[in-house]
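> Let me give you the structure first, and then I'll get to my questions.
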Amino acid sequence: MLPDFLRPLVLSGPSGVGKSTLLRRLLDEFPDRFGFSVSHTTRAARPGEEDGKQYHFVPRETFLQLKENGAFIETAEFSGNFYGTSFQTVRQVHDRGQRCILDIEAQGVRQIKATSLNPIYCFISPPSLKILRERLQGRGTESEASVQKRLATALKEIEYAKQPGIHDLVIVNDDLERAYRLFKRIALGEAANGDQLPPLDDDV
Ligand code: ADP
Ligand code: 5GP
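Going by our numbering, the first residue of the sequence shown is number 61, and it counts up by one from there.
If you want it as structure tokens, here you go:
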């Protein structure tokens, strides 16, 4: 069995909570220790995103072909697009001796639980639903319709996360500096405990 600091780390949490922000900081600070699991997606690249860096951006036909060929550990349909983690991506990170970090949504978490990957599951939580909506809108990457769709999905992800035993750890991304300090210690295997999940029962 892998020691905790080498077990893959699965980050999940509602869209807009700050997963990529936390991850980017970690990968910038420790480029050799951690490797990001670059997923495949059929969604369009956002300004600034590069193929092969944040995602492998592929057409739907390519994605479906890869899926049929058994290339993916898990896949999901999210907000009208497909996303998937390939075996090859995770293997490459592992072969470099790095801790592999996955950023995936809840359908993927469910599927990973049925594999032998044995990761640590870490849920990134917003301090409140109101703040989640503000971040999603403030990022400026989504249309209002897409924000609404992502918020509706967020409510389902949060209900799933509230069930006991789904995640090993919670990080509340309230103050970015505080959340990053905790995330870093968890990723380095220096902290075994996270935050308490907030009630998240305010009006969106
Ligand atoms: P995700 O990857 O979970 O969808 P992002 O990392 O893109 O989310 O963050 C969504 C938005 O929230 C971005 O504009 C980001 O700059 C901002 N953000 C992230 N963390 C915080 C924080 N702790 N406080 C305030 N804004 C934040
Ligand atoms: P975004 O379009 O904002 O980059 O990502 C939307 C959602 O898809 C996020 O919750 C993100 O965690 C999730 N996601 C990204 N890659 C994958 C993947 O390979 N598998 C699954 N299941 N979810 C993913």
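Quick reminder that beta carbons are idealized off the backbone N, C-alpha and C, glycines included. If you're wondering where the values come from, they're calculated on a predicted model, not measured in any experiment.
Identify, in the order they occur along the chain, each residue of the same chain with its Cβ nearer than 6 Å to the Cβ of Val-118, setting aside the five sequence neighbours on each side.
Answer for Val-118: His-100, listed in chain order.
> My assumption, with CB atoms under 8 Å, is that Ile-133 sits in contact with Ile-172. Please give the rounded CB distance.
Contact holds; Cβ gap of about 7 Å.
> Relative to the alpha-carbon of Asp-192, which residue among Val-207, Glu-250, Leu-162 and Leu-69 has its alpha-carbon at the smallest distance?
For the sequence presented, residue 192 should be read as Leu rather than Asp. Cα-wise, what sits closest to Leu-192 is Val-207.
> Which partner residues of Arg-238 appear in the DSSP bridge assignment?
Its beta-bridge partners do not exist; DSSP assigns none.
> Note down the Cα distance separating Ala-242 from Gln-223, rounded to an integer number of angstroms.
For the record, residue 242 in the displayed sequence is Leu; it is not Ala. Cα-Cα distance, rounded: 22 Å.
> Write down every uninterrupted run of the beta strand (DSSP E) in the stretch 175 to 258 whose length is 3 residues or greater and which is fully enclosed by it, in chain order.
DSSP runs (the beta strand (DSSP E)) wholly in the stretch 175 to 258: 180 to 185 and 229 to 232.
> Looking only at C-alpha atoms, which of Pro-186, Val-230 and Ser-203 sits nearest to Asp-262?
Here the closest residue by C-alpha is Pro-186.
> If you follow the beta strand (DSSP E) that Thr-95 is part of, which residue opens it and which one closes it?
The residue asked about is misnamed: residue 95 is Gly in this sequence, not Thr. Segment 94 to 96, the beta strand (DSSP E) holding Gly-95.
> By Cβ distance below 7 Å, which residues in the same chain neighbour Gly-76 in space, the five residues on each side in sequence not counted?
Within the same chain, Gly-76 has close Cβ partners Leu-192, Arg-195, Leu-196, Arg-199 and Arg-210.
> Using a Cβ-Cβ cutoff of less than 6 Å, which residues in the same chain neighbour Val-230 once the five nearest sequence positions on both sides are dropped?
So the qualifying residues of the chain are Phe-183, Ser-185, Gly-254, Asp-255 and Leu-257.
> With burial defined as no fewer than 16 other Cβ atoms inside 10 Å of the residue's Cβ, what is the status of Val-264: buried or exposed?
Counting Cβ neighbours within 10 Å, Val-264 comes out exposed, since fewer than 16 surround it.
> Closer than 6 Å to a non-hydrogen atom of the ligand ADP - does that hold for the CB of Gly-76?
Flag set: Cβ of Gly-76 near the ligand ADP.
> Could you pull the start and end residues of the alpha helix (DSSP H) that Thr-122 belongs to?
Residues 120 to 128.
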